[in-house]
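Here is the structure we will look at, set down as structure tokens.
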Amino acid sequence: MMQKIIDSLTFCKFIDSYEILEYFNEDTTKLIKIKAKLNNSTTLYIRELIQPDNCKYSYHWQNENNEMILRWDNAPHFPSVSTFPHHLHRGNEVTSSYRVFIEEVLSEIKNYLYSESKLGAG
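According to our numbering, the sequence shown holds residues 2 to 123 in order.
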């Protein structure tokens, strides 16, 4: 899982660089925190904690003004969401979202970047 995140960032065309902020890989606990810089000056923060009876994740994408664009996570603070605890923050809106992995996050960001460039080219 953790190597897959690193590999995905390494080979992603719109990721300029990334920094591993924390990395712990033992039998019962795996933790990775990464700060990735995208080629449009935005930043993606990744956190995955995996334990035998627990998995916590957050994929937080923000603009150059530190304003959130999207964030997927499973913090248990929106019990009314149908996919609780999994959810997606899109600005001030919180919607249902199933458990996501790095591939889905990068694909969603790519689609967002593509739609933004098409709108800007208008």
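Yeah, the Cβ is synthetic: ideal placement off N, Cα and C, and Gly gets one too.
Just so you know, these numbers come straight off a predicted model, no measurement behind them.
With DSSP collapsed to three states, give me the class of residue i.
i, result
"residue 69", "strand"
"residue 108", "helix"
"residue 14", "coil"
"residue 97", "strand"
"residue 122", "Only weak support is given to the placement of residue 122: the predicted model assigns it a pLDDT of 46, under 50, and the question is left unresolved by the model."
Select from the options the residue whose C-alpha is nearest the C-alpha of residue i.
i, options, result
"residue 14", "31, 38, 48 and 22", "38"
"residue 48", "42, 103 and 110", "103"
"residue 108", "36, 34, 96 and 12", "12"
"residue 75", "8, 116, 90 and 94", "90"
"residue 142", "41, 7, 85 and 77", "Missing from the structure shown is residue 142; the chain here goes from 2 to 123 and no further."
Between residue i and residue j, is the Cβ-Cβ spacing less than 9 Å?
i, j, result
"residue 22", "residue 16", "no"
"residue 43", "residue 70", "yes"
"residue 61", "residue 45", "yes"
"residue 35", "residue 25", "no"
"residue 73", "residue 98", "yes"
For residue i and chain B, any beta-carbon pair shorter than 9 Å?
i, result
"residue 96", "The structure shown contains no chain B; it holds only a single protein chain."
Suppose only complete runs of 3+ residues qualify. What are the beta strand (DSSP E) ranges in the segment 28-86, listed by chain order?
31-39, 44-52, 55-63 and 69-74
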